[in-house]
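Report on the following structure.
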Amino acid sequence: MSHQFKETPENAITQSGIARVIPCKELEVGDPIKWLSLALRDALRTPVLTAIYGVIFAIIPWFIMYLVEMTGWHLVILPAIVCFMLLGPFLAAGLYDISWELEKGHKPTFMHSLRAMRRNAVNEWGFGILLMVMMIFWLRVASLIHALYPPYSENTLETLLPFLFLGSIVGAVFSIGMLFITAFTQPILMERKVDLATAVLTSVNAVWVNKVPMLIWGAIIFSAVAIGYITGFVGFIVLMPLIGYASWHAYIDAISTKRARKFV
2 MSHQFKETPE NAITQSGIAR VIPCKELEVG DPIKWLSLAL RDALRTPVLT AIYGVIFAII
62 PWFIMYLVEM TGWHLVILPA IVCFMLLGPF LAAGLYDISW ELEKGHKPTF MHSLRAMRRN
122 AVNEWGFGIL LMVMMIFWLR VASLIHALYP PYSENTLETL LPFLFLGSIV GAVFSIGMLF
182 ITAFTQPILM ERKVDLATAV LTSVNAVWVN KVPMLIWGAI IFSAVAIGYI TGFVGFIVLM
242 PLIGYASWHA YIDAISTKRA RKFV
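Okay, so the sequence shown: first residue is 2 according to our numbering, each after it adds one.
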C-alpha cells in the first residue's frame, strides 16, 4: 500500500527555526502490523545475522538485571527497562543496515552492519550521547522515587504498590516522549547526511502527525520488551530483531523523499 504524501502542517515543531523538518507521509492505523510482517520476512532471509543480534539484545538486559540483583535495588527494575528501551534505537543500527541491504538487493554481512554507525558518524554518536543524557536523567528521577520509599517498610505488594504505580506513570510519560525523539532519528541519520537537530525534529513531527499509528507502534514495542522480560530475556532473541527490522520499514513508510528510492 502506497502512502499519501502529506505536506508537513505548520506547527510549533516546523516553525521552531532550530532546523529544517523533512516532510512525512500519512500512515494507516494498520501499518505497524505490515511493518512486522516485513520484519519477519527479513528475519527469515537472514536467520544467522538475526540470531546474532538477538543474542546480543538478550545479553544486555540480562546484565542489567544481574547488576540489579547484585546491588539489591529491586525498585530500579522499571528504570532498567526504560534504559533498555532508550538504548534500543542506538543498538539497532546494525539491524537497520541489514534491512537496508536486503532492499538494495545485497547480501547483508555482520561486518557491514557494524560499520553502519560510520555513515554519519558525528551526528549518530551525538544521538547516542543524547540517549545517554536522557537515560541519566531518568535514572536520577528514579533515584528520587526510590529515595521516597521508606527504608523501614517491608517489601510487600501493599507497600511497594504506590511506588510501582508512581514509577510506572513517570516511566510511561518519559517513554512516550522518547518515542517522539527516537522513532525515526537513527534511520534518518543512517540514510541521509543531515544534522542531528534535523533528524530529531523530523522524527518528532512525523510521530505528532501520525499519533494513532505511532502510539500503536509504541505499544507494540513496549509489549515486546515486556514479553522479553517475562520470558527471562529469551524472548528478546526473536522479538528485538523483529522490532529493529520493522522500525526500518516504518521509517521508509513515514519519511518522504524528493525522488522515489531505487534500491536495486
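Ideal Cβ positions, reconstructed from N, Cα and C, are used throughout, including at glycine.
Considering only the alpha carbon of each residue, which of the options lies closest to residue i?
| i | options | result |
| --- | --- | --- |
| Val123 | Val239, Ala198 and Ser257 | Ala198 |
| Leu145 | Trp126, Glu159 and Gly168 | Gly168 |
| Leu190 | Trp126, Leu243 and Val210 | Trp126 |
| Arg262 | Trp101, Glu159 and Ile65 | Trp101 |
| Ala94 | Ala255, Arg260 and Ala247 | Ala247 |
Based on the DSSP secondary-structure assignment, which residues constitute the bridge partners of residue i?
| i | result |
| --- | --- |
| Ile256 | Cys25 |
For the alpha helix (DSSP H) that residue i lies in, which residues bound it at each end?
| i | result |
| --- | --- |
| Pro214 | Lys212 to Ile231 |
| Ile53 | Pro48 to Thr72 |
| Ala1 | This structure leaves residue 1 out entirely; the chain is present only between 2 and 265. |
| Phe128 | Ala122 to Ala148 |
| Pro188 | Thr186 to Glu192 |
| Met112 | Phe111 to Leu115 |
Is residue i near the ligand MG - that is, is its Cβ less than 6 Å away from at least one heavy atom of it?
| i | result |
| --- | --- |
| Ala93 | Only the bare structure without any ligand can be found here, which leaves the ligand MG out of the picture. |
When we look at the beta-carbon of residue i and count the other beta-carbons within 10 Å, is it buried (16 or more) or exposed?
| i | result |
| --- | --- |
| Met112 | exposed |
| Lys194 | exposed |
| Pro33 | buried |
| Tyr67 | exposed |
| Trp63 | exposed |
| Thr258 | exposed |
| Val265 | The predicted position of Val265 is uncertain, since its pLDDT is 48 and thus under 50; a value taken from the coordinates is nonetheless stated next. Exposed: under 16 other Cβ atoms inside 10 Å. |
| Ala227 | exposed |
At a cut of 8 Å, does the region 130-142 reach the region 202-212 through at least three beta carbon pairs? Because the criterion of three Cβ pairs below 8 Å is not met, the region 130-142 and the region 202-212 do not touch.
Take every Cβ of the region 65-72, pair it with every Cβ of the region 216-224, and state whether three or more of those distances are shorter than 8 Å. Taking 8 Å as the limit for Cβ pairs, the verdict is that the region 216-224 does not touch the region 65-72.
Any chance the region 207-218 sits against the region 244-256, with 3 or more Cβ pairs inside 8 Å? Yes, since at least three Cβ pairs between the region 207-218 and the region 244-256 fall closer than 8 Å, the two stretches touch.
Taking contact to mean 3 or more Cβ pairs, one atom from each stretch, closer than 8 Å, check whether the region 229-245 and the region 58-69 are in contact. The region 229-245, when compared against the region 58-69, does touch it at the 8 Å Cβ threshold.
Taking 8 Å as the cut-off, does the region 164-182 touch the region 94-112 (at least 3 CB pairs, one atom from each stretch)? The region 94-112 is not in contact with the region 164-182.
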